[in-house]
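Take a look at the structure below.
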Amino acid sequence: MITHIVGNRPQFIKLAPLYHAFERAGYAQNIIHSGQHYDENMSAVFFEELGIPAPYVNLQAGGGSHAQMTAKAMVGIEQELLEKKPDLVVLYGDTNTTMAGALVTSKLCIPTAHVEAGPRLHSKENPEECNRIVTDHLSDILFCPDALSMKNLQAEGLGGKACMTGDIMYDTYLEISAQADQAAQAQEIILMTWHRQENTSSKERMESILQLVERLGEKIICPLHPRTRKCLMEYGLWERAQEIENFEIIEPVGYVEMVALMQRARLILTDSGGVSKESSFAGAKCLFMMDAEVWEDLVQIDWIRKVDPQKEESLQGALAFAKEAKHIPQAQRPGFYGDGHAADKMIQALQERQFL
Ligand code: UD1
Ligand code: UDP
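So the sequence shown is numbered by the working numbering: it starts at -3 and just counts up by one.
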């Protein structure tokens, strides 16, 4: 039995191709949902759209502090794994759910694979960085989305467990984008996502991001993460955000709609690790609102430009970048993240290294 442990929006998107590849290969599997994300449009919609069966259990570990969430998920995961005794556990990405899974499987000595191993922001202030470091060190086989992730793992002495598979999110993106009718869409919107703790935990920071939105002065569509909505309200900034002309705040969208929005974009303004990378799949340039190392290959070719909205000089540069940004046709997009067959490569590596 293979058990997948997921709990957050991006993990459902990463799970889909691997679940289907295991299914095609005839392996028995089940899914544990930590409950970290729980709204219909943050969780259930992805299972429906991506054809993933419902998890057999939901541990209801959402909300609370990092420690509370991680601890609650750990207790639930331990109980399930002791009962079901899987042969292999698969963990995804860098969330509290991921790290909770890694801490439990390593102590129960259950072989563990980590999907999307190796990216590093080189900033321990970033909670996801801690989750990645712990998970990479404790897991038994590490699937890397790109060459830089392989290098990071080698530098930490983990090269022996690492396999270059390419990015599994590209598998999902290709599958869904093949269904979309690109020709019908003009490619001129600015798409925005905003949810990182670093960008939502102070009023000043949130105000500076609203100022950036104002100064961009164009139509911006923003499917807003519930965390950000709550923080805007808490800081008394919600009305101000709604008053910005051309700033269209919408509910979080499912992945089919998200892909359609990315395909309509000439620019993506985001602090999301996943969305900043997906910008290169969809042909939209990216303004990244974090002072951290992210997808450095894309930064090097100026596909991703970092912006600190609290610094005037950086903001000026970002506005100029935004003005220039045009939708890039398929043939001119970079290809740092594999060929869209990461899931098959993962199964092959698991078989070769006798995890299956
Ligand atoms: C988490 C992950 C982050 C990932 C992101 C994907 C950690 C430390 N962070 O951040 O790596 O990029 O998921 O989106 O694990 N909330 C709701 N409804 C939901 C989910 C969340 O209202 O369905 C609200 C709650 O107030 C919650 C807050 O959002 O407390 C933050 O949620 P949480 O899962 O802690 O962090 P994310 O910002 O989603
Ligand atoms: N996404 C989505 N709907 C939204 C916002 C994002 O389907 O309203 C997708 C996005 O395309 C990407 C994933 O969710 O595939 C990224 O999730 P998020 O930004 O929450 O997490 P991160 O990548 O920062 O960990």
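Just so you know, even glycine gets a beta-carbon here, dropped at the ideal spot from N, CA and C. Just so it is clear, the structure is predicted and the values come from calculations on it, not from any experiment.
Checklist entry - Thinking just about the alpha-carbon of each residue, which of L78, E36, H110, K103 is nearest to the one in F351? => result Ranking L78, E36, H110, K103 by CA distance to the CA of F351 puts H110 first.
Item to check | Per-residue DSSP class, three states only, for Y88 | outcome: strand
Checklist entry - With a CB to CB cut of under 7 Å and the five nearest residues on each side skipped, what residues in its chain are close to A17? => result A339, D340, I343
Item to check | Assigned secondary structure, H16 (DSSP; H/G/I helix, E/B strand, else coil) | outcome: helix
Checklist entry - Mapping DSSP to helix, strand and coil, what is I9? => result The answer is helix: DSSP assigns I9 an H, G or I state.
Item to check | DSSP bridge partner residues for C105 (one or two, in chain order) | outcome: Beta-bridge analysis with DSSP links C105 to no other residue.
Next on the checklist: Which complete beta strand (DSSP E) runs does the region 164 to 242 hold, if anything under 3 residues is left out?
Outcome noted: 185 to 188, 216 to 219
Next on the checklist: For V111, list the residues DSSP reports as bridge partners.
Outcome noted: Y88, F139
Checklist entry - Given 8 Å as the limit, is there contact between the region 130 to 150 and the region 311 to 320, that is, 3 or more CB pairs closer than that? => result no
Item to check | Top-ranked residue by Cα proximity to G269, from L46, L99, P123 | outcome: P123
Checklist entry - Cβ of D35 within 6 Å of any heavy atom in the ligand UD1? => result Correct: D35 has its Cβ closer than 6 Å to the ligand UD1.
Checklist entry - Within this structure, are the beta carbons of L187 and A261 separated by less than 7 Å? => result yes
Checklist entry - Are there 16 or more other CB atoms within 10 angstroms of the CB of D83, so buried, or fewer, so exposed? => result exposed
Checklist entry - When DSSP builds the beta bridges, which residues end up paired with R260? => result BP columns for R260 are empty, so no partner.
Checklist entry - Taking 6 Å as the line, does the beta carbon of G336 fall inside it for any heavy atom of the ligand UDP? => result For the ligand UDP, not one heavy atom lies less than 6 Å from the Cβ of G336.
Checklist entry - Ordered along the chain, which non-local residues of its own chain (more than five positions away) have a Cβ less than 8 Å from that of G47? => result So the list reads A12, H16, once near-sequence residues are dropped.
Checklist entry - Does DSSP put K273 in a helix, in a strand, or in coil? => result helix
Checklist entry - Under three-state DSSP, which class holds M395? => result The requested residue 395 is not part of the displayed model; the chain covers only -3 to 352.
Checklist entry - Under 6 Å from any heavy atom of the ligand UDP, does the C-beta of T189 make it? => result yes
Next on the checklist: Please state whether the Cβ-Cβ distance between G89 and Q25 is less than 7 Å.
Outcome noted: no
Checklist entry - Below 7 Å between beta carbons: does that hold for A40 and L55? => result no
Item to check | Cβ-Cβ separation, A176 to A256 (assumed contact under 8 Å), whole Å | outcome: 5 Å
Checklist entry - First and last residue of the beta strand (DSSP E) that includes K302? => result Following the DSSP letters along the chain, one finds K302 inside the beta strand (DSSP E) bounded by residues 300 to 302.
Next on the checklist: Going by DSSP in three states, H0 sits in which element: helix, strand or coil?
Outcome noted: Strand.
Checklist entry - When every heavy atom of the ligand UD1 is checked, does at least one fall within less than 6 Å of the C-beta of E124? => result yes
Next on the checklist: Using only CA atoms, which one of R5, Y52, G279, I300 lies nearest to E184?
Outcome noted: G279
Checklist entry - Got a sec, what are the start and stop residues for the beta strand (DSSP E) A158 sits in? => result 158 to 160
Checklist entry - Going by other Cβ atoms of all chains shown within 10 Å of its Cβ, with 16 needed for buried, is E274 buried or exposed? => result buried
Item to check | Sufficient close CB pairs (3 or more, under 8 Å) joining the region 200 to 216 to the region 236 to 249 | outcome: yes
Item to check | G165 beta carbon near the ligand UD1 (any heavy atom closer than 6 Å) | outcome: According to the sequence as given, residue 165 is Met; it is not Gly. Every heavy atom of the ligand UD1 is 6 Å or more from the Cβ of M165, so no.
Next on the checklist: Closest to G356 by C-alpha separation, out of E79, A67, E203, would be which residue?
Outcome noted: This structure cannot settle anything about residue 356, because the visible part of the chain is limited to -3 through 352.
Checklist entry - Would you say K80 faces chain C, with C-beta separation under 7 Å as the test? => result Note that chain C does not occur in the displayed structure, where there is just one protein chain.
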